[in-house]
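For reference, the structure is listed below as structure tokens.
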């Protein structure tokens with residue numbers, strides 16, 4: 008493909024992308040395909056001779072697009088949102104057009120310095136303390152691929168710090184702390200590092216948040232057994248319920264255990280810190296006071312296309328001391344002089360994408376006001392959904408709504424059902440909802456209670472989409488209850 012052929016194909020691609028978004032609302036959220044549909048449609052081997060790109064592009068429309076789940080659909084209420092804006096798309100396009108690995112400053116100065124700037128911009132927008140800024144010279148921010156990568160990097164840094172300050176510590180005695188509601192990233196980090204992971208229990212009466220007394224008891228117990236808890240992954244906005252761990256209590260307990268690294272995983276809910284009215288709920292003061300690191304994903308609820316997981320650390324040396332590997336061929340005079348940041352020492356990989364460009368495009372195009380407006384709109388839509396649930400005599404909210412997330416279940420009026428029966432009934436409801444292609448929700452289990460999650464976040468979602476989803480939920484609940492009652496009667 009030469010330049011002019013690329014120009015022609017690019018125009019066609021933009022036109023088709025625009026047509027796709029014009030038609031998105033009319034498309035099913037979930038593709039009506041069966042496993043193997045694409046495997047059976049494609050040949051077993053690549054073509055021997057190159058094909059005309061027009062045919063390839065047409066096959067994307069014909070074969071690939073019909074098999075996509077549309078996370079940007081206004082009726083997508085599953086998991087958490089995955090951001091997608093035209094500004095982000097263009098940022099990705101420009102960065103892809105000038106690919107470079109960006110592993111140190113000299114490999115492409117703009118890649119490093121724009122990342123420094125956008126990470127500081129984002130930190131200031133969220134209200135993070137100055138010690139998290141790159142401009143502080145001591146802490147700073149770096150873009151990771153996902154929050155799982157952030158947690159793994161943090162665990163590596165925390166382990167290294169613990170070993171440096173306590174030489175001779177037996178690795179088999181090190182313990183990572185998470186809660187039963189922490190994302191799987193905590194357990195996965197322990198698997199990768201071959202370390203013990205202790206899962207701390209949380210209670211419904213605490214809205215599934217980790218309390219200080221629980222942490223203190225675990226620390227006392229493990230240290231009494233000769234173990235070494237070295238990092239706690241606390242959460243602001245858990246996946247299951249949106250729970251916010253009690254960082255005030257956690258921080259006070261941690262004062263007596265200064266070797267415990269507190270990492271705050273705010274992958275989804277961290278963006279609410281952009282709105283001053285939510286900073287108290289999201290524990291900004293405690294994050295700034297107690298956290299050694301914090302991460303949030305702009306590629307979830309932050310308008311930036313995947314991937315854009317933002318990680319800030321209070322001490323950049325904790326990362327570089329753990330991850331700096333500099334063979335002769337990677338040395339530069341700027342780095343040797345300490346004049347620049349080499350981001351390869353801030354994460355596990357060497358090469359990295361120019362991800363800051365799309366963040367720069369989005370933040371400049373939306374501005375802080377536009378970013379806040381989007382967050383507030385989603386929260387308001389979720390409040391509307393929660394009000395619909397609360398007004399129904401047949402449904403119940405399981406735990407207080409968290410920002411743009413509501414967790415609910417079907418509890419028929421006047422029915423005296425056991426917890427097991429209610430779980431079976433709600434599994435039946437969820438199965439019926441899962442068979443619908445025009446809406447998508449997800450399930451969760453909160454301390455044995457089966458629930459349905461409703462997460463707002465697609466940029467194109469409006470009130471009528473929320474109300475349509477509620478109508479479908481009510482319809483399927485009626486059928487599920489009728490079928491379940493018939494089964495029980497047998």
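Numbering (the working numbering), first residue to last: 8 to 497. Heads up, the beta-carbon is just placed ideally off N, CA and C, and yes, glycines get one too. All of these numbers come straight from a predicted model, not from anything done at the bench.
- Linking residue 235 to residue 166 through their CA atoms gives a straight-line distance of about 10 Å.
- Look at the beta carbons and you see the region 173 to 182 not touching the region 376 to 395: under three pairs across the two are nearer than 8 Å.
- Note that the C-beta distance between residue 352 and residue 317 is not below 8 Å.
- For residue 42, no alpha helix (DSSP H) run applies, since DSSP gives it neither H nor E.
- Taking the Cβ atoms as the reference, residue 451 lies roughly 26 Å from residue 312, outside the contact range of under 8 Å.
- Spanning the alpha carbons of residue 182 and residue 169 requires a straight line of approximately 11 Å.
- Apart from the 5 residues on each side of it in sequence, residue 467 sits with its Cβ closer than 6 Å to the Cβ of 81 in its chain, given in chain order.
- Just measuring C-alpha positions, the residue of 370, 443, 402 and 323 sitting nearest residue 145 is 323.
- Around the C-beta of residue 225, 16 or more other C-beta atoms lie within 10 Å, and the residue is accordingly described as buried.
- Residue environment analysis places residue 455 among the exposed positions, since fewer than 16 neighbouring C-beta atoms fall within 10 angstroms of its C-beta.
- Here the C-alpha atom of residue 16 lies approximately 21 Å from the C-alpha atom of residue 73.
- When beta bridges are read from the DSSP output, residue 304 appears opposite 316.
- Using a 10 angstroms sphere on the CB of residue 9, the tally of other CB atoms stays under 16, which defines it as exposed.
- Just so you know, the alpha carbons of residue 99 and residue 365 end up roughly 6 Å apart.
- The C-alpha of residue 376 is placed about 35 Å away from the C-alpha of residue 162.
- DSSP places residue 402 in the strand class (E or B) of the three-state scheme.
- In the three-state DSSP reduction, residue 460 falls in the strand class (E or B).
- Residue 50 and residue 103 have their alpha carbons spaced roughly 28 Å apart.
- In the displayed model, residue 13 falls within a helix according to three-state DSSP.
- Three or more beta-carbon pairs separated by less than 8 Å link the region 429 to 439 to the region 411 to 419, which places the two stretches in contact.
- Taking C-beta separations shorter than 8 Å and ignoring five residues to either side along the sequence, the partners of residue 483 in its chain run 436, 439, 440 and 443, following chain order.
- The Cβ atoms of residue 347 and residue 119 sit closer than 8 Å to each other.
- The residues 402, 404 and 415, in chain order, have a CB closer than 6 Å to that of residue 396 in the same chain once the five nearest residues on each side in sequence are set aside.
- Residue environment: residue 301 is assigned as buried (16 or more neighbouring CB atoms within 10 Å of its CB, all protein chains considered).
- Going by DSSP, residue 268 is part of no alpha helix (DSSP H) but of the beta strand (DSSP E) stretching over 268 to 272.
- The beta-bridge partner set that DSSP reports for residue 421 is empty.
- Contact check for residue 260 against residue 222 passes: the beta carbons are separated by less than 8 Å.
- In this model, residue 358 and residue 122 are separated by some 14 Å (Cα to Cα).
- Inclusion of residue 257 and residue 297 in the CB contact set at 8 Å is warranted, their separation being smaller than that value.
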